[in-house]
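One structure is given below, encoded as structure tokens.
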Amino acid sequence: MKWHHIKIALRNLWKHRSYSLINILGLTIGLATFILTGLYILHEKSYDNQHPHASNTYRVVSKSDFNGVGEESTSAPCPLAPALFHEHQNKIKYITRVYNNWNSEYFIEHGDKGFKEQDFFFVDSCFKDVFQVEFIKGNPGKSLQAPMTVLITESAARRYFGNEDPVGQELQFEERYKFMVEGVIRDPQPNTHLKYDFLASMNSLKKFYRGKMPQTWYWNPFWTYLVLEDNVKAQQLQAQLPAFVEKYFPVAEDAKKSLWLQPVTDIHLNSHLDYEIETNGKRSYVTILSVIALFMLLIACINFMNLSTATAGSRAKEIGMKKVLGSNRIAIITQFLSEAVILSFISLLLSLVVVDVLIPPFNDLMDRNLEFSMLTTPGALAVLIAIGLLTGIIAGIYPAFYLSRFNPVQVLKGGNFSKNMNSGLSRKILVTFQFVISTALITGTVLMYHQLEYMRQADLGFDKDNVIMIPVSRTPVVSKYEAFEKELKKHPGVEYVTTTDYIVGTDHNNHEFKPEGYPDDEWQFYPTLIVREDFCSLFDIPLLAGRDFSRDNKTDATNAVLINEAMVDFMGWKCNEEALGKKFHSLSGKEKVVGVFRNFNVKSLHSEQTPLVLNIKENDRSKYYFTDYVVVRINGGQVEAALDHIQNTWSDFAPTRPFDFVFLEDEINMLYRDEDRLGQLSGILTLMVIFIALLGLYGLVSFLTNRRAREIGIRKTLGARLQDVIIIISSEFIILVLMAVLIAWPLTWFALHNWLENFAFQAPLSWWIFLISGIIALLLALVVTTMQSVKAYRVTAAETLKYE
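Rendered as structure tokens:
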């Protein structure tokens, strides 16, 4: 870029500073949003890329299909990993299991400090070969081998030991076992699906399971990861997995079970299976945000094109003189592209300031850990320079070619070049395109909020209000449940008390049964909640046939199950009453169906309602294992008093454990956290898109009203009123916006219809959503054009006509 091009560019930017300011502001917002969204997308796509063998690391996942009912599980049985390695040692370099009993909380203590920890995992010793584990203290070669040893992260070390050296010290586990700290490791990077604070040796589990590891192939709470040898492709091992299933899995399962290898780098954005370690992101949402950010930058570029071509007349003589003095078309194109690129880089520098300011609130909104330092690496700086250059070229390419076509003879003679060059068709197309995008985004944002509200207000089939869930797994409360329940019910604000193994409405497990009509030597696996009496009463779930579990019937634990109406249909029974008395044996009981309850959403509204079994465990040992939550329904008028009573009762039964609870409604709302975040962010981005579009419209209308100032003056002299001027100025743009709305509606309907397919329960795609978006777009355009019309009308006719 020649120096005189830069000087002329800066001079022209200053000369037309009002329009330059509009362009800079639009491009700054567009670039800032594009860069910030780009950081988010890069962060989402970078998950688990940091591991030493990331491109060759896989998770073993499975699918069980029992006549249409089953699970797609991210976890596997305990013996799968050693058996798979034994069978395919020539293909597998490392294999490790990860276990915490499906995201259990463990109570960890040291001295007078005790916390509930969710990120406590048992792993095999080669875990540190599969995943990125950086040692600060300790011996990496000998770690994770001896029973009852644990590695802890820096964060955990500070939490429990302060400034002390943790190595060699002990941590109390669940008030029963002691783990020796054999090393301190760095906190895992935030962009991983497997976040941990404690890594305990897998051999420690032998102490919990009578001196040996669990041997069952039915129970599957062990996540299994493997690294393939460098010369082995995933398809080679995948082809051997059906034979492996047939050889090792029980006969009842092998024909209904399939295994496959899932790349670890695909987990965060592409995996939404049962028993995920954490709630993953969604690739579709990343795509939506990418498209919005790209459109925002494009609209800012369109503003530049519109204003540059609209103001072409003011530079016509400059172009004509350049051509007369020998400048060729390439030189003139270079001049105008130089101006666009300079303006783009000014906007780029300003956008980086905006990004630095917006990163903290963006992190809070999206629950991420983006840092501005991610933009300061040599690679990132090169990309930013390329973005600035490309944006300038995109924004300036059309005006440059448009302006360089001026005929110098016509220009210098004062010819009618404006008639040929300024017909405005291209500007009309670009304005229409801007409002097509704006209208589509308004419609999408309204629908997202409508769908989210629909899910929050939907009838889940049970009453979630004023219900609290108290985590009690492995606490003294479980073994003393009957006394704990009796004490809670002494308060008038406590209406019902029961237990369950999962937070109702969020998830479930699958359990084995032998229902009537199936072979006695084959287990069938069905979605199940392990509960106690009063479950249906607490959640106000109606019984459609038969009876509920009863405390008066002491054999219900071994002889009774409840099923929902979907299970009745699934089993092929003609009606709910026919299901009563049907055999439905569990692993340890001889149950029969005693009641049929109405369907309810045992998982989120993303999923269909499924067949479901409610079962009471048959013995105290099983009840202890499967009692994860005590559920309490509180009278709505006595919430605070009842909570105080519950906490005091907890202190009496479990004085060494911290009291914790969650409101069920809050937990269910968390299921739609991604939709909530997407709705909020897309709403903010949509407002920015609209602002940029209106900013460009404001500049364009401002220029055109100035150009028609004498016409308006003459009309005023001849008696035109304000509303007449508003109609004259607004009509052209309102027609363009109306055309944009009509184009946007069918395109948006198609896109939104596809997005709603992510939900089993969908808000209706109502006509009023589209009408609202169209009205908003039209009103905003009318406000902008009216403002400029009023401004033009207020200029006296004498002032506009004094040179005529």
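6 is the number of the first residue of the sequence shown in our numbering; add one for each residue after it.
Backbone N, C-alpha and C fix where the C-beta goes; we use that ideal spot for every residue, glycine too.
**Prompt:** Taking the alpha-carbon positions, what's the LEU741 to ALA445 distance?
**Reply:** Stepping through the sequence shown from its first residue, residue 741 is reached at position 736. Stepping through the sequence shown from its first residue, residue 445 is reached at position 440. The alpha-carbon of LEU741 is positioned some 15 Å away from that of ALA445.
**Asked** Whole-angstrom Cβ separation of VAL730 and ILE717, contact assumed at under 8 Å?
**Response** Within the sequence shown, the letter at position 725 stands for residue 730. Within the sequence shown, the letter at position 712 stands for residue 717. Indeed, because the Cβ distance is near 6 Å, the residues count as touching under 8 Å.
**Request:** Report, in whole angstroms, the separation of the C-beta atoms of TRP265 and LEU246, which I expect to be a contact under 8 Å.
**Result:** Taking the sequence shown and counting its residues from 1, one reaches residue 265 at position 260. Taking the sequence shown and counting its residues from 1, one reaches residue 246 at position 241. About 7 Å separates the two Cβ atoms, so the contact holds.
**Prompt:** Using a Cβ-Cβ cut-off of 7 Å (strictly less than) and excluding sequence neighbours within five positions of SER352, which residues of its own chain qualify?
**Reply:** Translated into the one-based positions of the sequence shown, residue 352 becomes position 347. Here the set comprises ILE29, LEU32, THR33, LEU36.
**Request:** Determine the closest residue to VAL472 out of ARG603, THR504, GLY594, with distance taken between C-alpha atoms.
**Result:** The residue labelled residue 472 in the question sits at position 467 within the sequence shown. Closest by alpha carbon: THR504.
**Item:** Beta-carbon contacts of LEU700 that lie in its chain and below 8 Å, excluding the five residues immediately before and after
**Value:** For the purposes of this step, residue 700 is taken as the residue at position 695 of the sequence shown. Same-chain partners within the cutoff: ILE27, LEU30, GLY31, ASN308.
**Request:** Could you tell me whether the Cβ atoms of PRO152 and SER109 are closer together than 8 Å?
**Result:** Locating residue 152 in the sequence shown gives position 147, counting from the first residue. Locating residue 109 in the sequence shown gives position 104, counting from the first residue. One thing to note: PRO152 has its Cβ no nearer than 8 Å to the Cβ of SER109.
**Message:** Our contact map puts ASP679 next to LYS287 with C-beta atoms below 8 Å; I'd like the distance itself, whole angstroms only.
**Reply:** As a working note, residue 679 is residue 674 in the sequence shown. As a working note, residue 287 is residue 282 in the sequence shown. Going by Cβ atoms, the distance from ASP679 to LYS287 rounds to 6 Å, so yes, they are a contact pair.
**Asked** Taking all protein chains shown into account, do 16 or more other C-beta atoms lie within 10 angstroms of the C-beta of TYR214, making it buried, or fewer, making it exposed?
**Response** Indexing the sequence shown from 1 puts residue 214 at position 209. Label assigned to TYR214: exposed.
**GLN267 - DSSP class collapsed to helix/strand/coil** = For the purposes of this step, residue 267 is taken as residue 262 along the sequence shown, with counting starting at 1. Looking at GLN267 - three-state DSSP - the assignment turns out to be strand.
**Prompt:** For ALA88, which residues of its own chain have a beta-carbon under 8 Å away from its beta-carbon, when the five flanking residues on both sides are left out?
**Reply:** On the sequence shown, position 83 is the one that residue 88 refers to. Cβ within range, chain order: PHE249, TYR253.
**Request:** Find the nearest neighbour of VAL74 within the set GLU538, MET576, TRP222, judged by alpha-carbon distance.
**Result:** Within the sequence shown, residue 74 is the residue found at index 69, counting from 1. Out of GLU538, MET576, TRP222, MET576 has the C-alpha closest to the C-alpha of VAL74.
**Asked** Is GLN793 buried or exposed, if buried means 16 or more other CB atoms sit within 10 Å of its CB?
**Response** Taking the sequence shown and counting its residues from 1, one reaches residue 793 at position 788. It counts as buried.
**Request:** With a cut-off of 8 Å on the beta carbons, I'd call THR396 and SER349 a contact; round off their distance for me.
**Result:** Numbered from 1 along the sequence shown, position 391 holds the residue referred to as residue 396. Numbered from 1 along the sequence shown, position 344 holds the residue referred to as residue 349. Right, the Cβ-Cβ distance comes to about 5 Å (below 8 Å), so this counts as a contact.
**C-beta contact flag for VAL694 and ILE304 at 8 Å** = The count along the sequence shown starts at 1 and reaches residue 694 at position 689. The count along the sequence shown starts at 1 and reaches residue 304 at position 299. In contact: VAL694 and ILE304 (Cβ atoms closer than 8 Å).
**Item:** Option in HIS496, GLN728, GLY779 with minimal Cα separation from GLU645
**Value:** Counted from its first residue, the sequence shown places residue 645 at position 640. It is HIS496 whose Cα lies nearest to the Cα of GLU645.
**Item:** LEU231 versus LYS262 - alpha carbon distance
**Value:** By one-based count along the sequence shown, residue 231 stands at place 226. By one-based count along the sequence shown, residue 262 stands at place 257. Approximately 20 Å, taken between the alpha carbons.
**Prompt:** Is GLN728 helix, strand or coil by DSSP?
**Reply:** Against the sequence shown, residue 728 aligns to sequence position 723. Helix.
**alpha helix (DSSP H) runs contained entirely in the region 31–103, provided each spans 4 or more residues** = 85–92
**Asked** Using 8 Å as the threshold, is the region 654–661 in touch with the region 470–489, meaning 3 or more CB pairs across them?
**Response** Yes: the two stretches touch, three or more of their Cβ pairs being nearer than 8 Å.
**Request:** State the CB to CB distance for the pair PHE738 and ALA786, rounded to an integer number of angstroms; the pair is presumed to be in contact (CB under 8 Å).
**Result:** Residue 738 sits at position 733 when you count from the first residue of the sequence shown. Residue 786 sits at position 781 when you count from the first residue of the sequence shown. Indeed they touch by this definition, with Cβ atoms about 6 Å apart.
**Prompt:** What's the call for THR790, buried or exposed, on a 16-neighbour Cβ count within 10 Å?
**Reply:** As a working mapping, residue 790 is identified with position 785 in the sequence shown. Flag for THR790 reads buried.
**Item:** Limits of the unbroken beta strand (DSSP E) element including ILE568
**Value:** Taking the first residue of the sequence shown as 1, we reach residue 568 at position 563. Per DSSP, ILE568 belongs to the beta strand (DSSP E) from 565–569.
**Asked** CB TYR501 to CB LEU534, shorter than 8 Å?
**Response** Numbered from its first residue, the sequence shown carries residue 501 at position 496. Numbered from its first residue, the sequence shown carries residue 534 at position 529. No.
**Message:** Using only the alpha-carbon positions, how far apart do TYR201 and VAL155 sit?
**Reply:** Indexing the sequence shown from 1 puts residue 201 at position 196. Indexing the sequence shown from 1 puts residue 155 at position 150. Each residue's alpha carbon lies about 12 Å from the other.
**Request:** Grab me the residues of VAL795's own chain with a C-beta within less than 6 Å of its C-beta, minus the 5 sequence neighbours each way, in chain order.
**Result:** Working through the sequence shown from its first residue, we reach residue 795 at position 790. The beta carbon of VAL795 sits closer than 6 Å to no other beta carbon from its chain once the five residues preceding and following it are set aside.
**Asked** From PHE422 to VAL441, what distance separates their C-alpha atoms?
**Response** Stepping through the sequence shown from its first residue, residue 422 is reached at position 417. Stepping through the sequence shown from its first residue, residue 441 is reached at position 436. Low confidence applies here, because PHE422 scores a pLDDT of 47, under 50, leaving its location unreliable; read the following figure in that light. Answer to the nearest angstrom: the Cα atoms are 31 Å apart.
**Message:** Going by DSSP, what residue range makes up the alpha helix (DSSP H) through GLN439?
**Reply:** Numbered from its first residue, the sequence shown carries residue 439 at position 434. Per DSSP, GLN439 belongs to the alpha helix (DSSP H) from 430–462.
**Asked** How should CYS580 be labelled, buried or exposed, when 16 other C-beta atoms within 10 angstroms of its C-beta is the threshold for buried?
**Response** Looking up residue 580 in the sequence shown gives position 575. With fewer than 16 Cβ atoms within 10 Å of its Cβ, CYS580 is classed as exposed.
**Prompt:** When the distance is taken between beta carbons, is ILE398 closer than 8 Å to VAL346?
**Reply:** Here the question's residue 346 lines up with position 341 in the sequence shown. Here the question's residue 398 lines up with position 393 in the sequence shown. For VAL346 and ILE398, yes; Cβs fall inside 8 Å.
**Asked** Taking Cβ to Cβ, would you say VAL451 is nearer than 8 Å to ILE774?
**Response** Along the sequence shown, one-based indexing puts residue 451 at 446. Along the sequence shown, one-based indexing puts residue 774 at 769. With respect to the 8 Å criterion, VAL451 and ILE774 are classified as neighbours on the basis of their beta carbons.
**Request:** Consult DSSP for ILE717 and reduce its assignment to one of helix, strand or coil.
**Result:** The sequence position of residue 717 within the sequence shown is 712, counting from 1. Helix.
**Request:** Please confirm whether HIS2 and TYR52 have their CB atoms less than 8 Å apart.
**Result:** Residue 2 lies beyond the stretch modelled for the chain, which goes from 6 to 809, so this question has no answer here.
**Proximity below 8 Å, CB of ARG662 to CB of GLY600** = Sequence index remark: in the sequence shown, residue 662 carries index 657 (1-based). Sequence index remark: in the sequence shown, residue 600 carries index 595 (1-based). Contact flag unset, no.
**Message:** Which same chain residues end up closer than 6 Å to SER593 when comparing Cβ atoms and leaving out the 5 residues on each side of it in sequence?
**Reply:** Along the sequence shown, one-based indexing puts residue 593 at 588. Correct list, in chain order: GLU623.
**Same chain, Cβ closer than 6 Å to GLN456, neighbours up to 5 away in sequence not counted** = As a first step, residue 456 is located in the sequence shown; it is residue number 451 there, counting from the start. Correct list, in chain order: ALA768.
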